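Residue numbers (my numbering), protein chains in the order written: chain A, 36 to 551; chain B, 56 to 1163. Here is the structure we will look at.
This is the structure in structure tokens:
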């Protein structure tokens, strides 16, 4: 062989060595899913719904719970922490940590889907998916903001918000700022506005577990109520409620005929044939057993002292609670008073040792709640006739006393009703919103709506948001038998504890804590 | 011709009066086999500037002054020679046997040890081989300072836990890289370090080199520090073990036969502290008094033994004899129980065998000028130490080297092995997160069974387990695993010496491994019967209690049904791995007059590793009915509802590309400098993190070559020092794959079939910063030889900074995950290694050599964002906590027994738990400072002490290994409730019996049924007791690993064709010379985890070797 050939060989070896290998190294290490088609984006959005629950934290922080005294015990320390508005140490299901992780994980899925849609060039054919992703993202942020921030109001431009995630995270621990609450709300608003026209029920196989059009409008209704955009509330609620609201409301009369035992009522409440149920999400939660007819978690619960005077068994413009179709359940052996709307479903991961995950199915939006939101918007716009009309419609579905809910009856009842004190409880609490609420008729209507909402959304955590919105002050009490002891622990109008503290891990990792 | 030269010489000589007279010399340098030596240095004795190097044919040509009388010929690893100047010289250099370890094989190249700056040990396979241990990796125990080999299981195919200089990673496996004949060996599936001791079926294929016949191995080279391993850069953080297999030699031709016959001892109860049946029945009597063994409970109990059987017999009416199988009279019952009391069943003898394991290996080796080859076949046949543990393994090996041209060599290697193995049926172990108990359903491991099962049971009687009849012998017959392993390797390497000093090499290798694991669970096995208990025969109580039955969630009124009404279960798991390696290298070496030696080695390497695994659960296989399955739709329905898939598929792919270069410069053989760099890219990482350059700087100083050294030479014959500083790395642990977002399908939980849908979810967020785990290492070493190397000492000191290790980290979580795994942890490690080898007696007939090896290693986790959970820290092999060694084991601090005899513990706030409040959160990751630190679970000190005596043809080898510095968790034998199946340890004799005993004993009481029912927290308390500081022992031991006597039959007694015949008797693993008394027979190396795990047995091996 001639020397020349040797050099050619030498050079070719070197040249070969320097050939770029990027294609070779771009091979995916496993067969993970690449979200690159319409079908996969639709599938990804299944996980854009949180699988953790804020109900326990919110409900036990609200006035729907009392300390039932000595002999009863809590099920997890979390219940005590929620009830006493102290920082949570637990990290398991229902904890602030679980809420934070669950909701932000859902947001990540929505953002991943949006990125995939963007990568595919934002085609028209993916509008429905884009709509779902945006509305999921908005909803998760909305819940997070309501749990971990103060209520939306006049100080929101300086109040701490939460990071609004619009992109997927690609590095280990990027820095984030909480921003202001008003910034968060305006982003939620923008996402909702963009999403609403895009929502299309055609892409859903299990309609009730996705933001179908009605559910999306119901969310827009609630959001705008909190955002104080009352015209929008009415506009969106009209879509949900149609021209004949009564026809879409829940058939409480039928529900009331079902047994209070087993899962008959819960199965009906979340059921796919139940038109009033707009959106369900399945969450990992112990709330099903803690709120439910079991001794677990009996220390802090909704009890007859609350029920009889303020909620499920309380009187109102409707007269006595005897007219309600969907009767509460109370137990001689337990201090709890329960409205059995949902139940625990246990998923066994290890049947031999009985280990598994407790779940509840949360009905997040209903037609009933949208109707009460509209009533509230009318009342805040001083359109008392329409407000009264909605309240009457609701009460027609909920009880046999619908006709009682007239404008005059409402005024009459709440004018007469004394304001609440911890030892002389009534359904009428002092309202301290940061906007002007006119004494007299406007306040009466709001009192009535809050009273009704509280009954409707019992155990679902929404009461906590209403307490925040209207600056209602809370006292903690211990109710043992007929003896009521009022605790020094009081939630004042501007109490910083209205914003539940961020999870300790999150604070440790560098996000600004809520002031205490 | 010669005359002509002479004439010419004279002519020159004449001219030389004015320009100096010279003489021309030509010649050839060869080794004793007649192979040309390329690059030998020929120097004029009186003038070192006159020097040449032999060419590719071993030839040289030079001109020397007439005054030069002698030439010196030198070559690395050969004895230097001086010859008189002659016009033509034919020189044969002899190997320098005094300095045996002179060549370092890095797997990619061979280097002169004097130029090598790293820490390494070369082990001659024939010296280290332990006959009768079929997995060669186990032979490394105690052979190299700093290399630990923990035999966590001794079952064939399981890998020992091997560490080179301790752990290098917290979550990774810290496994060394295995390189066989220059090619990295990949496992068929990656088994993490923890999983090695799990006893799961997957461990049977965890050894990368189980398919290698130990007789085919020529040598092991263990590369320890960064300088030695840096050529493997980003894969070599945990050290490299290079195996070189045998090759044919030119000019020799031989056939070798090795036969090994191994007998293993059956363990005996005298080694353990297990109660005999009398004591055991005494305990049962107490249990009966405490409400455990009454008729109503035990008759339908999930598991029951002697008492359960008695109640069943009492209730069995024989219509023919018109009698009950056992009369329900106190006399009859007592008689029955007395029989049990006297039974003393020896489960070991029922479940173990002394069958002979045989291994036959035959090899042919031959070579000519052109071609040399080595080929071998081996067959291992092992009927099994325990029931259902037979193994057959066949290997074939062919290694051919052919010189196509004088400068072009082709080496072809093909290697195949097939294994057929049987093991007791097992399913994977799991941890009950609530009670903290590590458990395995349906475990029938013979070793565990013998230790866990009451000796009052009769081996031929069926008792109750999982509500169905159970007999261990029957179960082993009807519930077993079959494993088929095929391992093929094809490899070719072309070496082309393009110029005198320049060699190109191209290597390609394909490795294909496939493992098929079948689990046969036959119709009559307990595991199958469990799926029907309560239905057949019908028993409402059992039906409602049996967790294996299926209850339709769609209808609240449906009764439970069996999802296995017919047939048995057939499970199959297949693993497949294909690995393709391609490497091209260039080697350039130049010797400038012997003063400057420069060597450059560089190249490009690519690797493709594709793995595939599938599993399949065949339901309703009717083994006895023509192997036709029968199944019902509810099986599928249940699977959908539970999220359990009846089959699975997983494909993974690894791609890597690396460029590497290593430059060595040596001045006069005194000072050497080595710089190595490697740039590796992998598809596991993305973006800027994809490529990682690694490097090493090494220096060595061969002091013995200094002039001043010559004076002390008689005493110190050899003295060199080395230093190296390096960066090496390892890929992240296998479960970390999120350099791109990981999205997978899932089925969100929904209560009703109508609500179910499948979706995609983010399993792991993208971490584009994901990168290799890295390590900086400083190594200082010295090698000393005294009295003509009669005493050799080697000492190494190293310190390592392991960084960018994978660990959990807390983030603000707004990306969707608060806890992530990322490159956030650091660890500092370091240690010393010392080896001393002496030739105590060297004489014609009697020789005595001693080897002492010592290694000490410490690790400390210096950065870890998040703590491990309690259960990880207190169980098994412990885990990582900042400020403590890697794999530190902690205990729940025991606070004594309370007045009821319940164990109590100190809590995080310093208070004690009580029987009423034994709340222990095994999953907690916070406030863990109350846990008591016990020590590392990896030994910190280990080594060996070996003596070889030879007298004429007799050779005695006594090899002792030792290991210290670690702690061992005692077997978790305590429980809040026992059945009449359980055996107990002798410790129970000292148990708490009456109030006041708590002052004298730490052994908790046997709970009464009433006590446990009143407080289920006691279950946690008893589990916590197993993980408390009283249940810990020192893991140190001194083991008589090997005693062997071999005899070479004198040649004159052999037939003419035979060149060698030897006989060897060897005892392996004979006894522990020292171990903590608290262990009571528990082997400190072995993890009793059931499944397929067994300890390394005590065994005797007879080996015959013959050569023709």
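Just so you know, even glycine gets a beta-carbon here, dropped at the ideal spot from N, CA and C. These numbers were taken from a predicted model, which means no experiment stands behind them.
Worksheet entry | Beta-carbon proximity check, residue 534(B) vs residue 433(B), cutoff 7 Å | no
Practice prompt. Compute the distance between the beta-carbons of residue 1096(B) and residue 1014(B), then report whether it is under 7 Å.
Written response: yes
Item to complete: Look up residue 735(B) in the DSSP assignment and say whether it is helix, strand or coil.
Response: strand
Practice prompt. Check whether the Cβ atoms of residue 266(B) and residue 162(B) lie closer than 7 Å to each other.
Written response: no
Worksheet item: If you draw a straight line from the alpha carbon of residue 382(B) to that of residue 369(B), how long is it in whole angstroms?
Response: 6 Å
Discussion item. Please identify the residue among 168(A), 327(A), 142(A) whose C-alpha is closest to the C-alpha of residue 153(A).
Written reply: 168(A)
Worksheet item: In or out: residue 808(B) buried (at least 16 other Cβ within 10 Å) or exposed?
Response: exposed
Worksheet item: For residue 810(B), which residues in chain A fall below 9 Å Cβ to Cβ?
Response: Those within 9 Å of residue 810(B) in chain A are 241, 243, 244, 305, 307, 315, 317, 396.
Worksheet item: With 7 Å set as the bound, which would you pick, yes or no: does the beta-carbon of residue 1042(B) sit closer than that to a beta-carbon of chain A?
Response: no
Discussion item. Output needed for residue 346(B): all residues of its chain with C-beta closer than 7 Å, excluding positions within five of it in sequence on either side, in chain order.
Written reply: If we look at residue 346(B) and ignore the five residues flanking it on each side, its Cβ neighbours are 1063, 1064, 1065.
Worksheet item: Helix or strand or just coil, what does DSSP make of residue 1109(B)?
Response: coil
Worksheet item: When the cut-off is 7 Å and only beta carbons count, does residue 873(B) lie next to chain A?
Response: Interface residue, yes.
Practice prompt. Check the Cβ-Cβ distances between residue 153(A) and every residue of chain B, and say whether any is below 7 Å.
Written response: no
Fill in: Within chain B, partners of residue 543(A) - CB distance below 7 Å
865
Discussion item. Spatial neighbours of residue 1163(B) within its chain, please: C-beta separation below 6 Å, excluding the five flanking residues on both sides.
Written reply: 310, 1112, 1113
Discussion item. Give me the chain B residues within the contact set of residue 66(A), using Cβ-Cβ distance strictly less than 7 Å, ordered along the chain.
Written reply: 706
Fill in: C-alpha gap between residue 156(B) and residue 136(B), whole angstroms
The predicted model places residue 156(B) with a pLDDT of 45, which falls under 50 and marks its position as unreliable, so this point remains unresolved.
Practice prompt. For residue 514(A), name the three-state secondary structure that DSSP assigns.
Written response: In the structure shown, the three-state DSSP call for residue 514(A) is strand.
Practice prompt. Determine the extent of the alpha helix (DSSP H) in which residue 116(A) is found, giving its start and end residues.
Written response: 112 to 118
Discussion item. Looking at the strands, I want to know which residues DSSP matches up with residue 166(B).
Written reply: 159(B)
Worksheet item: Residues bridged to residue 855(B) by DSSP?
Response: 832(B), 884(B)
Worksheet item: If you draw a straight line from the alpha carbon of residue 97(A) to that of residue 498(A), how long is it in whole angstroms?
Response: 6 Å
Fill in: With 16 other Cβ atoms within 10 Å as the buried cut-off, status of residue 940(B)
Flag for residue 940(B) reads buried.
Practice prompt. Kindly indicate if chain B contains any beta-carbon less than 7 Å away from that of residue 382(A).
Written response: yes
Practice prompt. Report all residues from its chain with a CB closer than 7 Å to the CB of residue 1081(B); omit the five preceding and five following residues, and keep chain order.
Written response: Spatial neighbours of residue 1081(B) in its own chain (CB-CB distance under 7 Å, excluding positions within 5 residues in sequence) are listed in chain order as 1027, 1029.
Item to complete: Could you tell me which residues DSSP pairs with residue 354(A) in its beta bridges?
Response: 351(A)
Worksheet item: In three-state terms, what does DSSP make of residue 117(B)?
Response: strand
Worksheet item: From this set, 1041(B), 1061(B), 1103(B), 1110(B), which residue's C-alpha is nearest residue 326(B)'s C-alpha?
Response: 1041(B)
Item to complete: Kindly indicate if chain B contains any beta-carbon less than 7 Å away from that of residue 495(A).
Response: no
Worksheet item: Closest by CA to residue 309(A), which one among 260(A), 240(A), 400(A)?
Response: Out of 260(A), 240(A), 400(A), 400(A) has the C-alpha closest to the C-alpha of residue 309(A).
Worksheet item: Is there contact between the segment 902 to 913 of chain B and the segment 926 to 939 of chain B, where contact requires at least three CB pairs shorter than 8 Å?
Response: Segments in contact, no.
Item to complete: Could you check if residue 507(B) is buried or exposed, using at least 16 other CB atoms within 10 Å of its CB as the buried criterion?
Response: buried
Practice prompt. Check the Cβ-Cβ distances between residue 136(A) and every residue of chain B, and say whether any is below 7 Å.
Written response: By this cut-off, residue 136(A) is an interface position.
Discussion item. For residue 693(B), which residues in the same chain have their Cβ closer than 7 Å to its Cβ, ignoring the five residues on either side in sequence?
Written reply: 605, 618
Worksheet item: Do the segment 1138 to 1158 of chain B and the segment 177 to 195 of chain B meet, that is, are 3 or more Cβ pairs less than 8 Å apart?
Response: As far as the Cβ criterion goes, the segment 1138 to 1158 of chain B touches the segment 177 to 195 of chain B, which means the pair count is three or higher.
Worksheet item: Do the segment 821 to 831 of chain B and the segment 260 to 267 of chain A touch if we need at least three Cβ pairs shorter than 8 Å?
Response: Contact fails between the segment 821 to 831 of chain B and the segment 260 to 267 of chain A, because fewer than three Cβ pairs, one in each stretch, are under 8 Å apart.
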